[in-house]
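*Asks:* Residue numbers (my numbering): 76 to 1186.
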């Protein structure tokens, strides 16, 4: 069938891939709209384009129609290609309109694959086209073939597809649970514990119905708020395995998550023992009644408990599916037991039950039991402490988050519904048992009221029974005395026993599953490296078998110890600490106002969550104050440990978000504060290039900015912008990481520019934030200025001029060996690469030693021969072979392929000289010109550092020969007012005398190649030379600044004489007046001034005060 643009042809069909649009071809003439309007079958979905012209051309429809016609254009969901030479941007053919939106451009349509993490279990991660790719394509108008454009834009045909399919095959047998079986069932079973059957009646007897309801409500308030916080956190992104640990760690960071994760997993492991012992005690009580004890009560509990935990371990190891089936069975038994109780309350009571205090629903009993009647030693908080553990267990579903089909939906729905259902059950049982059973009963059917007897006015008395003797002697029945009230009230007593068994075993089973799952997630994150062994999972469900064994051993140990009454309060506090941190996580994430905090579950409030966290902490002390203290101590210790270890993880926690908000608020607040001289600190831009290439320059700057000022390591990339930006962006994170690794408190910044000076000018103007802006430029001395191109010298001196123009101080640092060690780094990288190759080759040879096939071995020999390594070469010889061309007498000499030249060992030593502790000596400060005090402040700050504390300040200032003592006293007075300690002050009175002839001759020889010598030539020739070489030093210029040149040479003589032995020299930087001093003459001044000296800092402030003696 041929393609026709007539108005009566439409492509109506149901597309084979519902994620893509079907595009109808419409005739572009004026009749097309009329024909379209005649169509009585409106489209099911229609979307118009952005412009009026496009509205006439394109209609996108999912309307059913002629499948045969549609198949002529679409093949397997892809656009049919009618011409192999079709251009992706060809808008003049009908094929263009058949393109799915997003197929005819490099720009990609939104897809979930672009937002997945690498290694996501839910599907492969696809990389969208980069902005550079899209931008460059548009700029260059590069043609893209339709097939490649379609596949890139839509993520088709990516290399990861095959891997993704394999992943899907691997996931085929994985068992995942919905919200009912995975969360609701588990939470209900864990919340309905033994307390429901054997202690709730006693609580009602002590506190009464009124306070009993308040106790239940208070406990539910804690768990309810925690449930809301859990739901909010769980719906703020994809949730993986780890339950409470995962939620806390991803919200508050590894420090909180790592500390609480370990104690939470341990608490669950010990809880297994607690629940199993509770089950064993019930069994032992039954054995006592039937006189069937095996040994004695304690040992019988150990025996039954051990057997039980082994059976539970078997169910858990068999797989989550078997464990889930067991939980459902236990829930059914538990529900039957609860229903059995409510049925029993309406079955008419017999004389035996009446004698034990059960009279069915009676208003008098309800009224009598409504108020509290605490016995000796009991009170509201003590009763609350006993009941609260019954309300825990709300995280049972969240703890297996990795085994849920949709944790974001299952955790909120299942958890909150479980809290609601169990609360109704607790309240119902408490009210019913309080309305049916009196507090005290004798159990004697003969204690009835005989006509004429005095009645004590109790409810039982009004119902015909006299239990007044219970006021003088202990009774065995009633709410206050009998823990088996629910069995007595129920329709069939053994069902209550079955319910107790179900409650204990289900809670034990849930804890036995939760502990390994949480522990495995903790170990996978490698926060505690010693526990990495337990991270391994087995089978389709990645079951933590090693964690199961560890949990089993912990539970077995506590069962055999059988001292659970002591450990129980600590375990309850461990759970409460987890609840507190979950609530605090929700509050903290909300308070941080991170744009990434967007929970789908909106029924929460940050202040309610904070209240819940405080309430949890308060309940911890109510339950047991010493257990709360122990919990806090353990958590604090683990927090400090994890903080010290600094695990290499980045989870985008709210702690990070709040740090950013705090920093931003502080920066904004700082802008409202005017600068004050007392708070001045050097804030430096350091032109290091890559920070690792000039470590000495960075070290000396860091010495006077660490913990006191801003330090920004700057690099300028010069060249084609595309290449520069790519190189700059690729190395940004690596270089900042290098600073962090080497514990240098500095930032890294880089710019791309057409020339070096423009880049530095941009950095000087734009670096910093608010008040935290650089005020000092630190650069290394250009040692090779005499060999460098003229443009480099112009840029170097121009940078100094720019800094002064922007009122920024300048520090030029000179050391004898220079700063740049990039060649050394290249050598080290090459050596590391060769060493890796050698080790890999040796490993390959070792693996193939036993092979009999000579061809494979021969191939290895050939490869080894190229690197001078053979199978028989010992390791030391191999090392010598690889390094022979690089190492000689302990120093690296050369790499021929890289042509790096002779390696200088002194350069390596010089690059680390400021990392070492400085020997006892002096820092000589030549404060020749008053620049506001920066020349004095920097060396003073250096003496405060540990590495420089043994160095004393010697101050040198210029003065008159006939007033040396007076000026010395004046300077000492000024320094004392500045509170700057010094070892000595020297007044130099002979600075302005001429230098000796030898020194001046050295200077003249230095500038000779750059002089114009125009005075020796005729005027025309001189003018021509000035035009052709304007950068040269003219005789007129040299004569005009001759006195300044004398001063620089003379200062070097004085420095050689007085400061040659100093650890560091800090010297006032001479300023070259713009337009008067040529660049080469200025460089000659700096050269002769600092020649043959220890490390020198040439300093010039911006002539604004940085020192003050006012308070």
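For glycine and all other residues, C-beta sits at the position ideal for the given N, C-alpha and C.
Let me check one thing: in DSSP terms, what residues is residue 1061 bridge-paired to?
*Replies:* 1031
*Asks:* Along the chain, where does the alpha helix (DSSP H) containing residue 788 start, and where does it finish?
*Replies:* Not the alpha helix (DSSP H): residue 788 falls in the beta strand (DSSP E), residues 786–793.
*Asks:* Excluding sequence positions up to five away, which residues of its chain have a Cβ less than 7 Å from the Cβ of residue 1093?
*Replies:* none
*Asks:* Residue 460 and residue 689 look like a contact to me (Cβ under 8 Å); what is the Cβ gap, rounded to whole Å?
*Replies:* Between residue 689 and residue 460 the Cβ distance is about 17 Å, and since that is not below 8 Å, they are no contact.
*Asks:* Using the C-alpha atoms, what's the distance from residue 587 back to residue 1187?
*Replies:* Absent from the structure is residue 1187, since the part of the chain shown begins at 76 and ends at 1186.
*Asks:* Should residue 613 be labelled buried (16 or more other beta-carbon atoms within 10 Å of its own) or exposed?
*Replies:* Its Cβ having fewer than 16 others within 10 Å, residue 613 is exposed.
*Asks:* Provide the residue span of the beta strand (DSSP E) that contains residue 855, from first to last.
*Replies:* 851–855
*Asks:* Name, in chain order, the residues that DSSP records as bridge partners for residue 605.
*Replies:* The partner list for residue 605 (beta bridge, DSSP) is empty, contrary to what the question assumes.
*Asks:* Which complete alpha helix (DSSP H) runs does the stretch 1006–1053 hold, if anything under 4 residues is left out?
*Replies:* 1009–1018 and 1039–1052
*Asks:* Looking at residue 757 and residue 1187, is the spacing between their C-beta atoms short of 9 Å?
*Replies:* Since the first and last residues shown for the chain are 76 and 1186, residue 1187 lies out of range.
*Asks:* Out of 330, 620, 1000 and 806, state which residue places its alpha-carbon closest to the alpha-carbon of residue 712.
*Replies:* 330
*Asks:* What alpha helix (DSSP H) runs, 4 residues minimum, are completely inside the stretch 726–800?
*Replies:* Those alpha helix (DSSP H) runs which fall completely within the stretch 726–800 and span 4+ residues are 729–746 and 770–780.
*Asks:* Residue 618 bridges to which residues according to DSSP?
*Replies:* 613
*Asks:* Quick check on this structure: which residue in 277, 577 and 300 has the alpha carbon closest to the alpha carbon of residue 552?
*Replies:* 277
*Asks:* Going straight from the alpha carbon of residue 634 to that of residue 387, what length do you get?
*Replies:* 14 Å
*Asks:* Residue range of the beta strand (DSSP E) that residue 1140 falls in?
*Replies:* 1139–1143
*Asks:* Rounded to whole angstroms, what is the Cα-Cα separation between residue 1169 and residue 980?
*Replies:* 18 Å
*Asks:* Could you say which of 1029, 1035 and 1065 lies nearest to residue 1050 if we only look at CA atoms?
*Replies:* 1029
*Asks:* Using a beta-carbon distance below 9 Å, is residue 257 in contact with chain D?
*Replies:* In the structure shown, chain D does not exist; there is a single protein chain.
*Asks:* Could you compute how far the alpha carbon of residue 859 sits from the alpha carbon of residue 1095?
*Replies:* 34 Å
*Asks:* Relative to the C-alpha of residue 1008, which candidate in 1131, 992 and 851 has its C-alpha closest?
*Replies:* 851
*Asks:* Would you call the stretch 762–774 in contact with the stretch 782–797, where contact means no fewer than 3 C-beta pairs closer than 8 Å?
*Replies:* Yes: the two stretches touch, three or more of their Cβ pairs being nearer than 8 Å.
*Asks:* When the distance is taken between beta carbons, is residue 750 closer than 9 Å to residue 846?
*Replies:* yes
*Asks:* Among the residues of its own chain, which have a CB less than 6 Å from the CB of residue 270, if the five just before and after it don't count?
*Replies:* 465
*Asks:* Which residues does DSSP pair with residue 540 in a beta bridge?
*Replies:* 523
*Asks:* Looking only at its own chain, which residues have a Cβ that is under 8 Å from the Cβ of residue 450, when we skip the five neighbours before and after it?
*Replies:* Excluding positions up to five away in sequence, the list reads 281 and 555.
*Asks:* Where do the ends of the alpha helix (DSSP H) carrying residue 1121 lie?
*Replies:* 1117–1133
*Asks:* Let me confirm a value: residue 857 is counted as buried when at least 16 other C-beta atoms fall within 10 Å, else exposed. Which label applies?
*Replies:* buried
*Asks:* With burial defined as no fewer than 16 other Cβ atoms inside 10 Å of the residue's Cβ, what is the status of residue 986: buried or exposed?
*Replies:* buried
*Asks:* Under a three-way DSSP split, which group does residue 90 fall into?
*Replies:* Note that residue 90 scores a pLDDT of 41, beneath 50, so its modelled location is shaky; the value from the coordinates is reported in the next line. Three-state DSSP puts residue 90 in coil, outside helix and strand.
*Asks:* What residue range does the beta strand (DSSP E) around residue 824 cover?
*Replies:* 822–828
*Asks:* Compare the C-alpha of residue 779 against each of 467, 391 and 1013 and name the closest.
*Replies:* 1013
*Asks:* Hey, how far is the Cα of residue 517 from the Cα of residue 440?
*Replies:* 16 Å
*Asks:* Please list, in chain order, all residues of the same chain as residue 952 whose beta carbon is under 6 Å from its beta carbon, the five residues on each side excluded.
*Replies:* Low confidence applies to residue 952: its pLDDT is 36, below 50, so where it sits in the model is not reliable enough to give any reading.
*Asks:* Spatial neighbours of residue 1118 within its chain, please: CB distance less than 8 Å, with the 5 preceding and 5 following residues excluded, ordered by chain position.
*Replies:* 1067
*Asks:* In the DSSP assignment, what are the bridge partners of residue 847?
*Replies:* Per DSSP, 844.
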